[in-house]
Amino acid sequence: YEGATVIQDMNEPIPKVLCNRFTAVIDGGSLEHVFNLPVAMRNCMSMVAERGYLVSIVPTNNLMGHGFYQFSPELYYRVLCPENGFRMVMMLTAEVGYRPRWLAVSDPAIVGQRVGFRTTGATYLYVLAQRIGTLTSAITPQQSDYRELWSAAQSPSANPGLNRWRARVPQALREARRRIVDARANSRHRAAFFRAVDIDDIISHGSLARLG
């Protein structure tokens, strides 16, 4: 009804004619409405030509009922990675409202914690990533903190006695620890998680180059 020249169900893979074609692909709020999210994300990534950019604007907090999904920073950092042919240029978040405060969002894998954010109003993620190589066919991302735990447990230098002790820790204690970690991660404006930015400065070419 808006006069689109290409009609595509994003639940299904895009035709090859659309792959590697565009210098910029913008998702202005569609992915949260598509059930088959892995296929839809790969469609967006596949349409970007090498050295081109993918922009995604998606709900992250307080939009229950808006679509099928709300999104975590972890998802985009793990998917839009060099192994998948992309690099993250920047990720911002802002709570919708008068004169919103714009924050740059840290990578959970770098800070070593789950990056959470408690907000009172509708909040979005704003993602900018660049295509830097060939898309892989089957890289399934894993959450960074779990991947770190699995790697440590499988390391030849891991302490067998410590691993056996961990296996005997009651599930209730592990769940209590998880809740404490999550509560800390969800505090507002943690310095390790977010950095206040000037959105007017960011949209200038010079600032964008520095962030990238």
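Quick note, the sequence shown lines up with residues 2 to 213 if you use my numbering.
Backbone N, C-alpha and C define an ideal beta-carbon position, used for all residues, glycine too.
On a predicted model such as this, the values are computed, not experimentally measured, just so you know.
- Within the same chain, and ignoring the five residues on either side of R22 in sequence, the residues whose Cβ sits closer than 7 Å to its Cβ are M48 and A50.
- Burial of P109 is indicated by the presence of at least 16 other C-beta atoms within 10 angstroms of its C-beta.
- By the neighbour-count criterion, in which a residue is buried when 16 or more other Cβ atoms sit within 10 angstroms of its Cβ, E13 is exposed.
- Rounded to the nearest angstrom, the gap between the Cα atoms of V18 and T137 is 18 Å.
- Counting the other CB atoms within 10 Å of its CB gives W103 a total of 16 or more, which places it among the buried residues.
- Under the three-state reduction of DSSP, A123 is assigned to coil, being neither helix nor strand.
- Secondary structure note for S57: its beta strand (DSSP E) is the uninterrupted segment V49 to N62.
- In terms of Cβ geometry, V106 and P74 form a close pair [threshold 8 Å].
- Its chain contains M11, L32 and V35 as the residues whose beta carbon lies nearer than 6 Å to that of A41, once the 5 sequence neighbours on both sides are disregarded; these appear in chain order.
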